[in-house]
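Accompanying notes for the structure given below.
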Amino acid sequence: MAVTKIHKTSRIVMYITMAITIVVMALFFLGGEVPVDQRLVPTAPEPKYIDLLMYWVYFLVGCTVLILLAFAIADFISSLKNQPKKAINSLLVIVAFAAMFVITYMLGSDKPLDIVGYTGPDNVPGRLKMTDMFMYSMYIMLALAVLAMIFSPLLKRKSNNK
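Here the sequence shown stands for residues 459 to 620, numbered as in my numbering.
Take a look at the structure:
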């Protein structure tokens, strides 16, 4: 009964999220452009709903990170009571992610970008290093996901042969 309710709830949330995403993408692609006199760079095209799209992506990424952290903490607390060794393994994953973020932050460039027509507050070393950190971290996680897709079936096949 509980599993059915979870599946139903998650399916409803997925459909709502997909519907909102489709509407936001339609507005972005079909909503026109900002008038020339209001553009940041008059010669460059600027979609009217770029801010809406960016805020929607920020919201989705934020929700994903919060849910991931909530489940990781809940799993750690649950495992700590029942299987302390497993709890340490889940804690090591969180420590590895934190280490990855620290390393990629240190690798990031703090050199201000030369952006035509931009004089805003975000072209500062701290923000630039954080942006690089997120980009490098996404590249690393994408590579790990691809490697997991490649090697997971091979490891499963190897363990079945034993």
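Using N, Cα and C, we set each Cβ at its ideal position, and we do this for glycine too. These figures come from a predicted structure and were not determined experimentally.
Residue i vs residue j beta-carbon contact at 8 Å
i      : j      : result
Pro505 : Phe486 : yes
Met558 : Ile598 : yes
Leu488 : Gly575 : no
Asp568 : Pro583 : yes
Val482 : Leu511 : yes
Straight-line Cα distance separating residue j from residue i
i      : j      : result
Arg618 : Ser610 : Before going further, note that residue 618 is Asn rather than Arg in the sequence given. Asn618 and Ser610: Cα-Cα distance of roughly 12 Å.
Thr479 : His465 : 21 Å
Phe592 : Ile561 : 11 Å
Tyr516 : Asp509 : 10 Å
Tyr513 : Lys616 : 45 Å
Asn581 : Val604 : 32 Å
Residues that residue i bridges to, as DSSP identifies them
i      : result
Pro505 : Glu491
TODO: Any chance you could list the beta strand (DSSP E) runs of at least 3 consecutive residues sitting entirely within the region 516 to 573, in chain order?
DONE: none
Task: the region 547 to 554 in contact with the region 523 to 538 per 3-pair CB rule at 8 Å - done: yes
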